[in-house]
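For the sequence shown, numbering that gives the first Met the number 0 begins at 0 and goes up steadily by one. Notes to accompany the following structure.
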Amino acid sequence: METGTFRLVRFNGEEVYRLSEARTFTLPEGADGVRLWFEAESHRPAVTNTCPDAADMGMHPKAEVAVNLPSVDWDALPGRVFVVPAGYDPDRDDYAAMIDYFEHEYLDDNRVEVLGRDGGRLHVRWTATACDVNHYDGSKPRTRVEIDGWFEIDRKMSRGLYPGPRSASYSGPSTGRSGTCFRRTAAASSFPG
Numbered sequence: 000m001e002t003g004t005f006r007l008v009r010f011n012g013e014e015v016y017r018l019s020e021a022r023t024f025t026l027p028e029g030a031d032g033v034r035l036w037f038e039a040e041s042h043r044p045a046v047t048n049t050c051p052d053a054a055d056m057g058m059h060p061k062a063e064v065a066v067n068l069p070s071v072d073w074d075a076l077p078g079r080v081f082v083v084p085a086g087y088d089p090d091r092d093d094y095a096a097m098i099d100y101f102e103h104e105y106l107d108d109n110r111v112e113v114l115g116r117d118g119g120r121l122h123v124r125w126t127a128t129a130c131d132v133n134h135y136d137g138s139k140p141r142t143r144v145e146i147d148g149w150f151e152i153d154r155k156m157s158r159g160l161y162p163g164p165r166s167a168s169y170s171g172p173s174t175g176r177s178g179t180c181f182r183r184t185a186a187a188s189s190f191p192g
C-alpha cells in the first residue's frame with residue numbers, strides 16, 4: 000500500500016522520497032490537555048534527487064510536529080487545519096516541530112491539513128520550512144518541506160521518532176551556534192479547513 004511522499008524543495012533542486020512510516024498519536028500534557036503529534040519517516044534512497052550536493056548521500060529525512068489541544072476527537076479531525084508557526088516553543092522550552100536530515104533542525108511555518116480518514120488512518124498534507132538541510136549557516140534559501148500521505152493513528156504510542164523523553168532539558172538542534180538560521184516563536188493555532 001502506498002503511504003505517501005516526503006518532498007524537500009531546496010535552492011538547487013528537489014528531493015522526493017516515499018514515506019516508510021507516518022503516524023499520529025497524543026501525549027498527555029497534564030492540565031493543558033494533549034499534544035497531537037504527526038511524525039513521518041522516509042525510505043532511502045530518494046525516488047528523485049536533483050540536488051547535486053546531496054544526490055549521492057543516501058539520506059532519508061524524518062520530521063515531526065506537535066499541536067497543543069484541549070483534547071482530540073479522531074472522528075472530528077478531517078477538515079481541520081493546524082498551524083504551528085515556529086519549531087521552538089519558548090513557553091515549554093521545547094521543540095514543537097523538527098526535521099532530521101544531517102542534524103535535527105527546527106521546522107517553521109508548519110501547516111498540517113487533515114484531509115480525510117480511512118479507519119485507523121488519517122490523510123495528512125503537511126508543509127513547513129527549515130534552514131537548508133545541507134547548509135545550516137543560513138547562506139542558502141530556506142528548504143520547503145512537503146509531506147502528503149496516510150498517517151496511522153497510534154493509540155499506544157508513548158514517544159516519537161526522536162529518542163528520549165521530550166523535556167525542558169532538550170536544548171534544540173542548533174541553539175547557541177553562530178550563523179544558524181534565526182527562528183520565530185509563536186503559539187500554535189487551529190481553524191476549520
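The C-beta atom is built at its ideal place from N, Cα and C for all residues, glycine as well.
Every unbroken stretch of the beta strand (DSSP E) spanning 3 or more residues and falling wholly within the stretch 69 to 140 is given here in chain order: 79 to 83, 96 to 99, 103 to 105, 107 to 117 and 120 to 129. Closest in alpha carbon position to residue 46, among 4, 117 and 38, is 4.
Excluding five sequence positions before and after residue 52, the CB atoms of its chain that fall closer than 7 Å to its own CB belong to 11 and 133, given in chain order. In this structure, DSSP gives residue 147 an extended state, which the three-state scheme calls strand.
Short of 6 Å from the beta carbon of residue 104, and not among the five residues preceding or following it, lie these beta carbons of its own chain, in chain order: 98, 129, 130 and 172.
CA-to-CA, the gap between residue 26 and residue 155 works out to about 10 Å.
In summary, residue 41 is buried, with 16 or more beta-carbon neighbours lying within 10 Å of its beta-carbon over all protein chains present. Counting every other CB atom within 10 Å of its CB across the protein chains shown gives residue 49 a total below 16, marking it as exposed. Residue 12 sits in a strand when the DSSP states are folded into three classes.
According to DSSP, residue 17 shares a beta bridge with 4.
For the options 56, 109 and 34, the alpha carbon positioned closest to that of residue 44 is the one of 56. The beta carbons of residue 106 and residue 62 sit closer together than 9 Å. For residue 39, the enclosing beta strand (DSSP E) has its first and last residue at 33 to 41. Residue burial annotation: residue 102 is exposed, with fewer than 16 other C-beta atoms found within 10 angstroms of its C-beta. In this structure, 95 is the residue among 95, 78 and 15 with its C-alpha nearest to the C-alpha of residue 33.
Residue 148 and residue 23 do not touch by the CB rule: their CB atoms are close to 11 Å apart, not below 8 Å.
Around the beta carbon of residue 60, 16 or more other beta carbons lie within 10 angstroms, which makes this residue buried. Counting every other CB atom within 10 Å of its CB across the protein chains shown gives residue 75 a total below 16, marking it as exposed.
The shortest CA-to-CA distance from residue 145 to any of 108, 58, 72 and 138 is the one to 108. Counting only the Cα atoms, residue 38 lies some 19 Å from residue 78.
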